[in-house]
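Number of protein chains: 2
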Amino acid sequence: MFHRRGYHATSTRDLGEALALNPSSIYRTFSDKHGLFLRALDHYLAGESVRCTAALEADRPVREALRDWLYSMVEPTDLPGCFVIHTATELGTSDPETRRRVDEAFEGTTAAIAALLRRGVAAGELPADLDADVTADLLFTTLTGLRVRHRAGHDTQRLRTAVDQVLRVLD
Amino acid sequence: MFHRRGYHATSTRDLGEALALNPSSIYRTFSDKHGLFLRALDHYLAGESVRCTAALEADRPVREALRDWLYSMVEPTDLPGCFVIHTATELGTSDPETRRRVDEAFEGTTAAIAALLRRGVAAGELPADLDADVTADLLFTTLTGLRVRHRAGHDTQRLRTAVDQVLRVLD
DNA sequence: CTAATACGGGAATGCTCGCTCCACAACCTG
DNA sequence: CAGGTTGTGGAGCGAGCATTCCCGTATTAG
Chain A
11 MFHRRGYHAT STRDLGEALA LNPSSIYRTF SDKHGLFLRA LDHYLAGESV
61 RCTAALEADR PVREALRDWL YSMVEPTDLP GCFVIHTATE LGTSDPETRR
111 RVDEAFEGTT AAIAALLRRG VAAGELPADL DADVTADLLF TTLTGLRVRH
161 RAGHDTQRLR TAVDQVLRVL D
Chain B
11 MFHRRGYHAT STRDLGEALA LNPSSIYRTF SDKHGLFLRA LDHYLAGESV
61 RCTAALEADR PVREALRDWL YSMVEPTDLP GCFVIHTATE LGTSDPETRR
111 RVDEAFEGTT AAIAALLRRG VAAGELPADL DADVTADLLF TTLTGLRVRH
161 RAGHDTQRLR TAVDQVLRVL D
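As given, the protein sequences belong to chains A and B, one line each in that order. In this text, residue positions in the first sequence follow the working numbering: the first is 11, and each later residue adds one. In this text, residue positions in the second sequence follow the working numbering: the first is 11, and each later residue adds one.
Next comes the structure, spelled out in structure tokens:
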């Protein structure tokens, strides 16, 4: 619910109904709304991290792995966009606990892409003079844009085309 | 305030204080909170549209115009990020009146970039086989990511590097 | 079996929300 | 100056917010 509607638009009553839990139980278990939000964010991050690792560390051609992973990010779904990005834009840099998680997630994803690119360079699949860090930073930036557009309801086919285009920087 | 804190986190009382206006005056003038929000969004869109037109239709080399415009998007400011993007992520596709404006803004920006690219191709500054629409779509996607990262407090120098990188697709 | 502990449910806390009512003042129009 | 219109200010409306209290019950430990 935090992912779909955002932090401020989600009330503790909504959460209670969805979890089939009474307010008192929620507060006993998660201390408060903010605590529950951080737990939800951590849960999301754990899942994304697993997906990301599985996709980018698989033993297959680097270009393919990257393309399919990016494609999977713009697949139609009933929960479009990225919870971390929504959090970053809604809460900005105001809440330190949230900010730490957002920063870590962004850094982690960029680092994972960079590692994949380095593997591609080492394997001779990518140009030897490719700057893995700078390129990863660009790919991450574009991915962020893709997920915002995904959230905004943009057509999957068009987003896939943007993926194809950005991957041309690997040539 | 809507830009900085988001729709739900901004109360009519906050708005009243900032505008030095009483609740009753606000409601008489803007009908309700949602109406005021739409007015604020329209005001922002008008300003951005002017900036965008000035930057992209100026009579100078296409690459330069594009680069400087993108650089200007990641300049340090006390109001980082893009109001439209924050709105798109916070309100998603749920509110039709908001959605229409967001869609128009996204389409308009993409079209402006495409027009600039076409000018570059026509002037021989860009490769003749460059697909203006597809490339504009990518540049817009990356710009969206840049502005999210700007909001998230990322370093301007790093964002500029991402700009430089993505502009390589013009070669 | 009993005592202690943990936990869920219902009701209610104080507060802030979006929003409205109404009386009054400022302002044009004649 | 009189009369109608327009906008302002203060007080307050019901509703919903995050949060807490308290009590009954299930669970566990000795």
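Just so you know, even glycine gets a beta-carbon here, dropped at the ideal spot from N, CA and C.
Here the C-alpha atom of Val158(A) lies approximately 19 Å from the C-alpha atom of Arg109(A).
The three-state reading of DSSP puts Asp143(A) in helix, counting H, G and I together.
Taking one beta carbon from each stretch, the stretch 74–93 of chain A and the stretch 128–137 of chain B have fewer than 3 pairs nearer than 8 Å; the two do not touch. Near chain B, meaning a CB-to-CB distance below 7 Å, the residues of the stretch 90–102 of chain A are Gly91, Ile95, His96, Ala98, Thr99, Glu100 and Gly102. Contact between Phe93(B) and His13(B) is confirmed by a C-beta separation of about 4 Å, below the 8 Å threshold. Contact with chain B is absent for Gln167(A), since none of that chain's Cβ atoms lies less than 7 Å from the residue's Cβ. Residues of the stretch 135–152 of chain A that bring their beta carbon within less than 8 Å of a beta carbon in chain B comprise Val144, Thr145, Asp147, Leu148, Phe150, Thr151 and Thr152, in sequence order. With a beta-carbon spacing of about 18 Å, Leu89(B) and Trp79(B) fall beyond the 8 Å limit used to define contacts. Contact check for Leu149(A) against Met83(A) fails: the beta carbons are separated by 7 Å or more.
Comparing alpha carbon positions, the residue from Cys62(A), Asp52(A), Met11(A) and Glu85(A) closest to Thr171(A) is Glu85(A). Going by beta carbons, Ala162(B) and Ala19(A) fall outside the 7 Å limit.
With respect to the 7 Å criterion, Asp143(A) and Ala125(A) are not classified as neighbours on the basis of their beta carbons. Val176(A) reaches chain B at Leu148, Thr151, Thr152, Val176 and Val179, counting residues in chain order whose Cβ is nearer than 8 Å. Per DSSP, the unbroken alpha helix (DSSP H) holding Leu46(B) starts and ends at Lys43 to Leu66. At a cut-off of 7 Å, the C-beta of Arg73(A) has no neighbouring C-beta in chain B. With 16 or more other CB atoms across the displayed protein chains lying within 10 angstroms of its CB, Thr120(B) is buried.
Using a Cβ distance threshold of 7 Å, Glu100(B) and Gly16(A) count as a contacting pair. Annotated three-state conformation of Ala162(A) is coil, per DSSP.
Taking a C-beta cut-off of 9 Å against chain A, the contacting residues of the stretch 109–124 of chain B are Arg109, Val112, Asp113 and Phe116, listed in chain order.
Secondary structure of Ala124(A) (DSSP, three-state): helix. Here Cys62(A) is not near Ala138(A), since their CB atoms are 7 Å or more apart. Below the 7 Å Cβ cutoff, chain B contributes Gly16, His18 and Ala19 as neighbours of His18(A), in chain order.
Between Leu51(A) and Arg111(A), the C-beta gap is smaller than 7 Å, which places the two residues in contact. Bounds of any alpha helix (DSSP H) do not take in Ser21(A), whose DSSP letter is neither H nor E. Under the Cβ distance rule, Val158(A) counts among the residues neighbouring chain B, one pair being separated by less than 7 Å.
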